[in-house]
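In what follows, a single structure is set out as structure tokens and then discussed.
2 protein chains.
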Amino acid sequence: MEQIRTYIEANKDRFLNELFDLLRIPSVSADPAYKKDVARAAEWLKEKFTALNVDRVEIYPTKGHPIIYAEKIIGPDKPTVLVYGHYDVQPPDPLDLWESPPFEPVIKNGKIYARGSCDDKGQMYMHLKALEVMNAMDAVNCNLKFLIEGEEEVGSAHLGEFVKANTDLLACDIVLVSDTSMVANDVPSITVGLRGLAYVEVTVTGPNRDLHSGTYGGAVANPINVLCEMIASLKDEDQRIMVEGFYDNVVELSQEERTKMAEKPFNHETYCKDLGIADTRGETGYSDIEVISIRPTLDVNGIWGGYTGEGAKTVLPSKAHAKISMRLVPNQKSGEIMELFARHFKKIAPPQVKVEVNLHHGGEAAVLSIDSTGYEAASLAMKETFGKEPIPTREGGSIPIVAMFQDVLGVNTVLFGFGLNADAIHSPNESYGLFNYFKGIETIPRFYHYFATLNQK
Amino acid sequence: MEQIRTYIEANKDRFLNELFDLLRIPSVSADPAYKKDVARAAEWLKEKFTALNVDRVEIYPTKGHPIIYAEKIIGPDKPTVLVYGHYDVQPPDPLDLWESPPFEPVIKNGKIYARGSCDDKGQMYMHLKALEVMNAMDAVNCNLKFLIEGEEEVGSAHLGEFVKANTDLLACDIVLVSDTSMVANDVPSITVGLRGLAYVEVTVTGPNRDLHSGTYGGAVANPINVLCEMIASLKDEDQRIMVEGFYDNVVELSQEERTKMAEKPFNHETYCKDLGIADTRGETGYSDIEVISIRPTLDVNGIWGGYTGEGAKTVLPSKAHAKISMRLVPNQKSGEIMELFARHFKKIAPPQVKVEVNLHHGGEAAVLSIDSTGYEAASLAMKETFGKEPIPTREGGSIPIVAMFQDVLGVNTVLFGFGLNADAIHSPNESYGLFNYFKGIETIPRFYHYFATLNQK
Numbered sequence: 001m002e003q004i005r006t007y008i009e010a011n012k013d014r015f016l017n018e019l020f021d022l023l024r025i026p027s028v029s030a031d032p033a034y035k036k037d038v039a040r041a042a043e044w045l046k047e048k049f050t051a052l053n054v055d056r057v058e059i060y061p062t063k064g065h066p067i068i069y070a071e072k073i074i075g076p077d078k079p080t081v082l083v084y085g086h087y088d089v090q091p092p093d094p095l096d097l098w099e100s101p102p103f104e105p106v107i108k109n110g111k112i113y114a115r116g117s118c119d120d121k122g123q124m125y126m127h128l129k130a131l132e133v134m135n136a137m138d139a140v141n142c143n144l145k146f147l148i149e150g151e152e153e154v155g156s157a158h159l160g161e162f163v164k165a166n167t168d169l170l171a172c173d174i175v176l177v178s179d180t181s182m183v184a185n186d187v188p189s190i191t192v193g194l195r196g197l198a199y200v201e202v203t204v205t206g207p208n209r210d211l212h213s214g215t216y217g218g219a220v221a222n223p224i225n226v227l228c229e230m231i232a233s234l235k236d237e238d239q240r241i242m243v244e245g246f247y248d249n250v251v252e253l254s255q256e257e258r259t260k261m262a263e264k265p266f267n268h269e270t271y272c273k274d275l276g277i278a279d280t281r282g283e284t285g286y287s288d289i290e291v292i293s294i295r296p297t298l299d300v301n302g303i304w305g306g307y308t309g310e311g312a313k314t315v316l317p318s319k320a321h322a323k324i325s326m327r328l329v330p331n332q333k334s335g336e337i338m339e340l341f342a343r344h345f346k347k348i349a350p351p352q353v354k355v356e357v358n359l360h361h362g363g364e365a366a367v368l369s370i371d372s373t374g375y376e377a378a379s380l381a382m383k384e385t386f387g388k389e390p391i392p393t394r395e396g397g398s399i400p401i402v403a404m405f406q407d408v409l410g411v412n413t414v415l416f417g418f419g420l421n422a423d424a425i426h427s428p429n430e431s432y433g434l435f436n437y438f439k440g441i442e443t444i445p446r447f448y449h450y451f452a453t454l455n456q457k
Numbered sequence: 458m459e460q461i462r463t464y465i466e467a468n469k470d471r472f473l474n475e476l477f478d479l480l481r482i483p484s485v486s487a488d489p490a491y492k493k494d495v496a497r498a499a500e501w502l503k504e505k506f507t508a509l510n511v512d513r514v515e516i517y518p519t520k521g522h523p524i525i526y527a528e529k530i531i532g533p534d535k536p537t538v539l540v541y542g543h544y545d546v547q548p549p550d551p552l553d554l555w556e557s558p559p560f561e562p563v564i565k566n567g568k569i570y571a572r573g574s575c576d577d578k579g580q581m582y583m584h585l586k587a588l589e590v591m592n593a594m595d596a597v598n599c600n601l602k603f604l605i606e607g608e609e610e611v612g613s614a615h616l617g618e619f620v621k622a623n624t625d626l627l628a629c630d631i632v633l634v635s636d637t638s639m640v641a642n643d644v645p646s647i648t649v650g651l652r653g654l655a656y657v658e659v660t661v662t663g664p665n666r667d668l669h670s671g672t673y674g675g676a677v678a679n680p681i682n683v684l685c686e687m688i689a690s691l692k693d694e695d696q697r698i699m700v701e702g703f704y705d706n707v708v709e710l711s712q713e714e715r716t717k718m719a720e721k722p723f724n725h726e727t728y729c730k731d732l733g734i735a736d737t738r739g740e741t742g743y744s745d746i747e748v749i750s751i752r753p754t755l756d757v758n759g760i761w762g763g764y765t766g767e768g769a770k771t772v773l774p775s776k777a778h779a780k781i782s783m784r785l786v787p788n789q790k791s792g793e794i795m796e797l798f799a800r801h802f803k804k805i806a807p808p809q810v811k812v813e814v815n816l817h818h819g820g821e822a823a824v825l826s827i828d829s830t831g832y833e834a835a836s837l838a839m840k841e842t843f844g845k846e847p848i849p850t851r852e853g854g855s856i857p858i859v860a861m862f863q864d865v866l867g868v869n870t871v872l873f874g875f876g877l878n879a880d881a882i883h884s885p886n887e888s889y890g891l892f893n894y895f896k897g898i899e900t901i902p903r904f905y906h907y908f909a910t911l912n913q914k
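Residue numbers (our numbering), protein chains in the order written: chain E, 1 to 457; chain V, 458 to 914.
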């Protein structure tokens, strides 16, 4: 342990500068305009892996953005850990809300500010530096495989395909992912539950052309008004989702589980204050923690239609659009939910408009047993470096690949995340704490140590 | 009459080319990016007036876009007509729906396609060409004043001010405006009623920053969902507007008036077919013609919020926006309605969000008596050139300045429009018929003739 700390301390600046180089590459996977930058980020990582004396590193092109695979195999008698991460990032907009340019990382009050600093470049790169540390200590005691993709922020469009086609290459005992957050720096935690995702885009078409709202207004159904009515009808005043069959497979947690969840430190006032809101607006009958973790949701992620420029235009537009996503809980299947949504949405459309529903992408919810050696190793490692036993938590976000690894490789995933909710991922001024970055690099080698011990063959 | 036709026939091409030159100037008043072009259009018109040997022509700058004034005075014993028009146009977007560039006029099956071809450059320029015709015949028999503004499409922001400050300069017996449409080329009509307008922009703010919809979704009220709920609640299923006090001053038309209105040729099937809609969606209890003319409306003209780019972004945005306008009928005061809307909209906002309502601009509804000499002169002129007596109609659009001229100058306005609803004003592929352009130039001189006769002093 002491050795690890000393080595990290001695190489702190370089560890940071390397991460900054990666953060400067605007690898936005959602926007084709950044395609070259995404490819550049992949090349950059390949070089870094090469420098770590891995046995093998390759860039696999996909129909979308490339996947990087690297491995260091020390022997068949050792357990194998597959590290997953992603080097693509969310779009940075709205740009005007950034206090410093999203792709020019800066350090302010102990945090690194940049798009991707936490999600997931910062957390993913900890694993490369952890390998460097272990190389230096000659302490590699597991077979290590690295799978780093460039499409996580667009639903890992081509990862499933790749994993299915390479099950031998990726064979492992456990998947290790750092792409989640802890309760607080002094309250280490491990995510054992994740929500799934169903993402759709809808278009409501009224008249075949934009019309003058004075000449036609009153007679012709306005697609924006209609879209608003349809969206409003998707929830009742208890914030229950009205899509037919939506809750059919949702598992109600036992009172015991809910009581255990309630132990997670959470302060309603602080939460609201941090967000600048007067109150939360969750589903009736469930606590704040529950509605963001064990209950499904429906949120409009984007809406547009008509004239949105400066000034006033009296148009009755032909079309209105919205991007709508639903967070799912265990047993809700994303494909099924998207179908239910599409059927429901078309059903509630008034006869005066046409409705189109495009199914974007989805992912399944997942749960990790706290009795697994994976959870145990992660728990022991954190206890050692944080001086505190971590608590198991459930997160509201989605990492669809977790369920995919379970299905295709038949292995569990340990969500070994070191971020914080305050890191504002997916938002302007995303940040990642220096404490968290270096604490991650320090903790990861200990995970391998305990995992190897618990899985001696 | 014959002389007039011959002169127009002999100068057809030049009359068209001059209009094309004006249409090529992208004088979009709503977008500051076009400020120079708007000014250029004003200069262009000044030159044309000069060439018409008017007694005086001046460009009056305003805090917004300039106003052009020109006059030809033949004697105090003659009645005075003030011609109003505007040289600014609506923004051309969505550009991708134009079959030819909006500012490169082309002629296809007898129509001129370009932004502003009908609204209002084409109709306004007919008046300059009509003056040329009268000059050539030496037939000017009224004092003519021309007031051409550049801010009609943004609510005539500075016109009222100008008119109030120049009541002597603008003193007249009647205002003549060509900025409306007829029922059909073989069904000439004169607009005697117009709706008013109240235009507002609303912003709903939820959390103080964009959030990850997975981490916060379910607990934090989503401003887009909330905006949709609020907009949906503004109308009931009978399409009645639910803003408190909205209908208080609306005058119900007598059964007799409604019966007369019903005589206007209107075919529901043709109307829907032209717009590509299965049905209309008007206020319960009123006909299609009534809901677009004598009943008030509420339409969302634009909405935006969250991620609207390519791909999928799982954001729970901080803000959502909408531009909302209401068409008003006689006795509804726009200022009052905007206040009622603002109060109501803030009242229905849930406690989890903040709401901002910005009052854009408004205008009052107007009605012209069919017993006025203005209406009579227009009717006689059209009967002569169309060979058919025009019918009085009410239009759903707004020309706020009509009420303003009534208030400030104490005179009526004759809406002497030659467009058609099919001209798609405010939409992509706006057009204006060659028949309509030349028929207007032919008819206007006859209006002066009859107006002079009916108003001998």
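Just so you know, even glycine gets a beta-carbon here, dropped at the ideal spot from N, CA and C.
Hey, does residue i have any beta-carbon neighbour from chain V nearer than 7 Å?
| i | result |
| --- | --- |
| residue 360(E) | yes |
| residue 209(E) | yes |
| residue 510(E) | A query on residue 510(E) cannot be resolved here, the shown segment of chain E reaching from 1 to 457 and no further. |
| residue 372(E) | no |
| residue 313(E) | yes |
| residue 91(E) | yes |
| residue 325(E) | yes |
| residue 307(E) | yes |
Report, in whole angstroms, the separation of the C-beta atoms of residue i and residue j, which I expect to be a contact under 8 Å.
| i | j | result |
| --- | --- | --- |
| residue 834(V) | residue 907(V) | 4 Å |
What are the boundary residues of the alpha helix (DSSP H) that includes residue i?
| i | result |
| --- | --- |
| residue 97(E) | Segment: none, residue 97(E) is in no alpha helix (DSSP H) and carries neither H nor E. |
| residue 216(E) | 213-216 |
| residue 231(E) | 223-232 |
Which chain V residues sit within Cβ distance under 9 Å of residue i?
| i | result |
| --- | --- |
| residue 224(E) | 688, 756, 757, 758, 759, 760 and 779 |
| residue 156(E) | By Cβ distance, chain V contributes nothing, its closest Cβ being about 12 Å from residue 156(E), past 9 Å. |
So residue i is in the beta strand (DSSP E); what residue range does that whole segment cover?
| i | result |
| --- | --- |
| residue 368(E) | Segment: none, residue 368(E) is in no beta strand (DSSP E) and carries neither H nor E. |
| residue 192(E) | 189-194 |
| residue 783(V) | 776-785 |
| residue 52(E) | Taken as a continuous stretch (DSSP letters only), residue 52(E) belongs to no beta strand (DSSP E), as it is neither H nor E. |
| residue 394(E) | 391-394 |
| residue 413(E) | 413-415 |
| residue 264(E) | Premise fails: residue 264(E) is in no beta strand (DSSP E) and is neither H nor E. |
Determine the contact status of residue i and residue j, defining contact as a CB-CB distance below 7 Å.
| i | j | result |
| --- | --- | --- |
| residue 535(V) | residue 600(V) | yes |
| residue 214(E) | residue 784(V) | yes |
| residue 786(V) | residue 823(V) | no |
| residue 23(E) | residue 76(E) | no |
| residue 490(V) | residue 544(V) | no |
| residue 325(E) | residue 299(E) | yes |
So that I know if they touch, is there some Cβ in chain E lying closer than 7 Å to that of residue i?
| i | result |
| --- | --- |
| residue 883(V) | yes |
| residue 491(V) | no |
| residue 563(V) | no |
| residue 898(V) | no |
| residue 669(V) | yes |
| residue 824(V) | no |
| residue 767(V) | yes |
| residue 488(V) | yes |
Under 9 Å Cβ-Cβ, which residues of chain E neighbour residue i?
| i | result |
| --- | --- |
| residue 609(V) | Residues of chain E passing the Cβ test: none, with the nearest at roughly 11 Å. |
In chain V, which residues lie less than 8 Å from residue i when you measure between Cβ atoms?
| i | result |
| --- | --- |
| residue 344(E) | Result: empty, since nearest Cβ-Cβ is about 16 Å, beyond 8 Å. |
Please list, in chain order, the chain E residues whose beta carbon lies closer than 8 Å to that of residue i.
| i | result |
| --- | --- |
| residue 706(V) | What residue 706(V) touches in chain E: nothing, since even the nearest Cβ is about 18 Å away. |
| residue 773(V) | 299 and 301 |
| residue 737(V) | 219, 220, 221 and 352 |
Since residue i meets chain V, which of its residues come closer than 7 Å, beta carbon to beta carbon?
| i | result |
| --- | --- |
| residue 410(E) | Residues of chain V passing the Cβ test: none, with the nearest at roughly 26 Å. |
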